[in-house]
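Line by line, the protein sequences give chains Y and L.
Residues are numbered in this note's numbering as their position in the first sequence, beginning at 1, plus a constant of 82.
Residues are numbered in this note's numbering as their position in the second sequence, beginning at 1, plus a constant of 82.
This report refers to the structure that appears directly beneath it.
Protein chains: 2
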Amino acid sequence: MNLVAQQQAAPLVSPEILEDNFVIFRLRAPEAQSVKLGGTMNSDYSELEMKKNEESIFEIKIGPLIPDIYVYTFKVDGVTALDPSNNVVVRDGSHIENRLMIPGKLTDLYDVKDVPHGKVTATWYLSSILGMTRRCLVYTPPGYGKSLDSYPVLYLLHGGGGDEEAWISRGRANYILDNLIAQGKAKPMIVVIPNGNASITSAPGDTPLELLLQQSWTQMAAAGAMVGDKIPASLVNDLIPFIEVNYRVKANKQNRALAGLSMGGYQTQLTTNLYPEKFDYIGVMSMGLYSMFGNYDKEQHVAQLKALQKTNPKLYWVGVGKADFLYESVLDLRKLYDEVGFEYEYRESEGGHSWNNWRMYLTELAPRFFN
Amino acid sequence: MNLVAQQQAAPLVSPEILEDNFVIFRLRAPEAQSVKLGGTMNSDYSELEMKKNEESIFEIKIGPLIPDIYVYTFKVDGVTALDPSNNVVVRDGSHIENRLMIPGKLTDLYDVKDVPHGKVTATWYLSSILGMTRRCLVYTPPGYGKSLDSYPVLYLLHGGGGDEEAWISRGRANYILDNLIAQGKAKPMIVVIPNGNASITSAPGDTPLELLLQQSWTQMAAAGAMVGDKIPASLVNDLIPFIEVNYRVKANKQNRALAGLSMGGYQTQLTTNLYPEKFDYIGVMSMGLYSMFGNYDKEQHVAQLKALQKTNPKLYWVGVGKADFLYESVLDLRKLYDEVGFEYEYRESEGGHSWNNWRMYLTELAPRFFN
């Protein structure tokens with residue numbers, strides 16, 4: 083009788099990080115014909131064939147990898163499977179993948195270090211505009227509980243197909259803030275992460291069964307993403323008041339930041355265009371001109387940008403990777419901003435539409451907020 | 083360009099719950115030779131062969147299932163794979179599985195209902211006894227934030243191989259409390275869920291990389307489970323004081339409960355044997371006499387039980403399923419308790435060593451606490 087033995091994984095080591103940052107992945111699969119490795123560390127997210135050895139273990143060695151966080155899965159005879167030797171699994175919407183962390187300078191900002199940790203709380207609030215009680219995650223910085231101070235707030239938005247857990251599970255926003263605050267590089271701030279899908283209350287496991295039985299969570303996410311203009315209204319009229327009543331918050335423009343990636347970058351633009359008096363710090367990650375969506379009205383957009391410019395936001399930041407599939411749309415956005423004379427700061431990085439960029443952008447943006 | 087389309091799952095419906103509570107599982111797998119269904123809804127956790135149709139979709143229909151929560155995975159040519167059509171995935175330690183909820187009376191207590199929701203917070207505390215900063219989850223009931231009241235506290239312990247997230251992800255403890263409190267069946271209470279593995283700081287994704295690179299999380303869980311007596315000391319000397327300083331808590335025996343399952347049931351027994359003055363409500367789930375572990379000292383145990391009896395706990399509850407692999411050990415425990423004249427309440431259910439029982443036990447126990 084052993085309560086633990088039954089839960090032990092096979093003694094196979096995977097992934098094995100070698101000293102030179104090459105990595106070996108292994109899967110024991112005697113009955114499988116083919117095992118491939120897919121993941122964000124492969125260029126173009128290509129699937130690499132693994133080789134079966136005499137012990138029926140499929141293996142592949144890749145690298146060297148730049149120190150960062152990657153996610154991967156195996157494809158076993160065409161079906162996606164997690165690595166049973168690695169129980170660190172992260173989720174972004176429907177994407178459930180194994181995590182691989184290669185230690186290094188950037189990873190140090192994402193890791194659980196020996197510094198004071200803030201709290202991450204899942205809480206529910208009423209959205210009158212969306213007609214539902216919704217879940218959001220709230221990071222309160224170290225010391226918040228014992229302090230009498232009020233804090234600035236960053237509202238942080240996820241991308242299409244994601245949910246309120248993505249910036250924690252994939253984005254490591256809480257640990258990034260812990261580490262930046264400990265190093266004196268970012269001001270202690272509250273970070274609020276809502277669900278950006280207008281027809282969804284919450285992450286899949288926290289969605290009421292009644293809703294899930296009507297429609298799959300993925301279908302709801304797809305539907306909800308199309309109702310973008312209700313998200314800005316709900317953010318400003320439901321969520322911000324909820325946070326400002328329930329947390330010790332500096333409730334003014336100077337102490338409010340809004341940032342988002344991809345769909346959340348679109349929502350960041352929409353929100354600040356519609357409510358120019360609300361945020362002094364604005365970060366648009368991996369999202370350009372939204373003329374690709376229906377009902378785009380350039381004249382209106384230009385008027386909104388001029389109104390926003392008049393409120394003199396302290397930072398309007400646009401960042402994108404050179405390989406991002408939305409790169410061209412960012413060129414279009416910059417062209418418009420330059421045409422209008424709208425002031426912004428531009429950050430171009432390597433890489434594409436990826437969490438590797440979004441995490442890095444947060445490490446660069448958070449220190450800029452509330453100065 | 084569609085930010086959402088790229089994230090959409092295939093339109094296959096799986097699992098499909100039919101009106102009579104039969105369920106069809108489906109997986110498209112043109113390259114696979116064999117797909118099996120494993121899960122807690124199968125007797126003996128057996129793996130059932132699925133049948134390939136002309137569209138290369140493997141299918142199986144099972145049932146009727148008793149309304150409850152089940153978890154399942156597929157085995158594709160011998161390798162475990164998640165259901166890509168179902169993005170509700172739950173984790174208990176290294177076990178990462180799809181969730182299937184069949185609506186019904188019991189499930190209603192586990193689901194996200196239209197009632198006020200408490201908050202779930204991940205927070206870190208210093209354990210001087212274990213020499214590390216550790217993560218725990220804290221449920222605060224609806225109204226806690228606005229109230230000036232102090233609350234009773236339930237300390238809730240997970241099983242071997244699990245971690246501080248298991249009672250939330252698999253156990254639905256927060257929604258169980260939300261629903262029982264809304265129905266007036268349980269007193270509003272705080273629930274504190276620590277990590278019960280003495281050598282681990284936290285759940286896999288929240289464990290520092292430095293630790294993970296030394297040893298796999300699963301190995302640490304196995305090692306940590308063997309150092310059971312440090313967990314009671316840390317619970318009483320590190321965690322309880324942390325909670326009582328940082329939350330509005332009724333800090334006395336009458337308002338403290340301790341319950342745990344399997345390894346956590348062992349730790350519940352150890353803690354209340356070693357610290358008989360601490361808890362008035364005690365729940366031991368799926369764990370019997372721990373004479374199977376080394377260093378068992380019957381004489382000492384009897385003396386401890388007599389001392390505990392003298393403190394007159396209001397409830398000492400022991401529950402187990404008839405098919406539990408630890409059932410015999412519970413018979414041994416009852417024999418000893420009866421021999422000593424130690425008062426306890428016994429609950430025997432159908433089923434085995436499973437979350438189906440542990441969730442149900444919590445719905446029965448929580449209403450008994452703090453009356």
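C-beta: ideal position from N, C-alpha, C; glycine also.
None of these values were measured; they are calculated from a predicted model.
Under 7 angstroms from the C-beta of L:G160: neighbouring residues of chain Y: A111, P112, E113, A114
Between which two residues does the beta strand (DSSP E) harbouring Y:T162 extend? For Y:T162, the enclosing beta strand (DSSP E) covers residues 161–163.
Pairwise C-alpha distance: Y:V172 and Y:G434: 20 angstroms
Quick one: is Y:Q89 near chain L, going by C-beta distance under 8 angstroms? Low confidence applies to Y:Q89: its pLDDT is 43, below 50, so where it sits in the model is not reliable, and the reading given next is rough at best. Closer than 8 angstroms: yes.
Note down the Cα distance separating L:R110 from L:E141, rounded to an integer number of angstroms. 9 angstroms
Could you give the first and the last residue of the continuous beta strand (DSSP E) run that contains Y:R108? 105–110
Counting contacts by CB-CB distance shorter than 8 angstroms, is L:A454 in contact with chain Y? One cannot answer for residue 454 of chain L here, as it falls past the ends of chain L, which runs 83 to 453.
Every unbroken alpha helix (DSSP H) within the segment 195–252 of chain L, with a cutoff of 4 residues, ordered by chain: 248–251
Sort out for me which residues DSSP pairs L:R173 with in a bridge. DSSP output for L:R173 lists L:I178 as bridge partner(s).
Counting contacts by CB-CB distance shorter than 8 angstroms, is L:P469 in contact with chain Y? In the structure displayed, chain L extends from 83 to 453; residue 469 of chain L sits before or after that span and is not available.
Chain L contact for Y:G227 (CB, 8 angstroms cutoff): yes
Where DSSP assigns a beta bridge to L:S431, which residues make up the other side? L:G403
Helix, strand or coil for L:Q88 per DSSP? Note that L:Q88 scores a pLDDT of 42, beneath 50, so its modelled location is shaky and nothing firm can be said.
How is L:G397 classed by DSSP in three states: helix, strand or coil? The amino acid occupying residue 397 of chain L in the given sequence is Leu; Gly does not appear at that position. L:L397: strand per DSSP, three-state reduction.
Taking Cβ positions only, does L:L164 come closer than 8 angstroms to chain Y? yes
Chain L residues whose Cβ lies nearer than 8 angstroms to that of Y:N169: G175, S176, I178, P286, S298, W299, T300
Could you work out which residues of chain Y lie near L:R181, taking near to mean beta carbons separated by less than 8 angstroms? G287
Distance check for Y:P276 and L:V235, CA to CA, integer angstroms please. Here the alpha carbon of L:V235 sits roughly 29 angstroms from the alpha carbon of Y:P276.
Do you know offhand how far L:Q89's Cα is from Y:G242's? Confidence in L:Q89 is poor, its pLDDT being 43 and thus under 50, which makes the residue's placement unreliable; the coordinate value appears in the next sentence. Each residue's alpha carbon lies about 8 angstroms from the other.
Given Y:N319, which residues of its chain have a CB within under 7 angstroms of its CB, disregarding the five upstream and five downstream residues? I211
Inspect the CB distances between the segment 432–452 of chain L and the segment 405–424 of chain L and report whether three or more fall short of 8 angstroms. yes
With C-beta atoms as the reference, is Y:M369 less than 8 angstroms away from Y:Y398? no
Would DSSP call Y:T350 helix, strand or coil? When secondary structure is reduced to three states using DSSP, Y:T350 falls in the helix class.
Pull up the distance between the alpha-carbon of Y:Q504 and that of Y:G120, whole angstroms please. Given a span of 83 to 453 for chain Y in the structure shown, any question on residue 504 of chain Y remains unanswerable.
Tell me, please, whether the CB atom of L:L85 is closer than 8 angstroms to any CB atom in chain Y? Any reading at L:L85 must be qualified, since the residue scores a pLDDT of 43, below 50, and its modelled position is unreliable; the value itself is stated next. Taking Cβ atoms only, chain Y reaches closer than 8 angstroms to L:L85, which makes this a yes.
So, is L:N169 buried or exposed, given that buried needs 16 or more other C-beta atoms within 10 angstroms? buried
So which residues of chain Y does L:L291 contact, with C-beta pairs closer than 8 angstroms? By Cβ distance, chain Y contributes M183, P185, T189, D193, V194.
Assuming L:R441 contacts L:Y192 (C-beta within less than 8 angstroms), just tell me the rounded distance between them. 6 angstroms
Could you name the residues of chain Y that L:V172 contacts, counting a contact when the two beta carbons are closer than 9 angstroms? G287
Around the C-beta of Y:F104, are 16 or more other C-beta atoms found within 10 angstroms, so that it is buried, or is it exposed? Flag for Y:F104 reads exposed.
DSSP three-state label for Y:K267, please. coil
Specify, as a first and last residue, the run of the beta strand (DSSP E) that L:T122 falls within. No beta strand (DSSP E) contains L:T122, which DSSP labels as neither H nor E.
Closer than 8 angstroms, CB to CB, is Y:M248 near chain L or not? A quick correction: the sequence has Ala, not Met, at residue 248 of chain Y. With 8 angstroms as the cut-off, Y:A248 does not count as an interface residue toward chain L.
Could you spell out the range, first to last residue, of the alpha helix (DSSP H) harbouring L:I325? 322–328
Contact belief for L:V153 with L:T189 at Cβ below 8 angstroms, rounded distance in angstroms: Incorrect: roughly 14 angstroms between the Cβ atoms, too far for contact.
C-beta atoms of L:V366 and L:V400 nearer than 8 angstroms: Yes, these two residues count as a Cβ contact at 8 angstroms.
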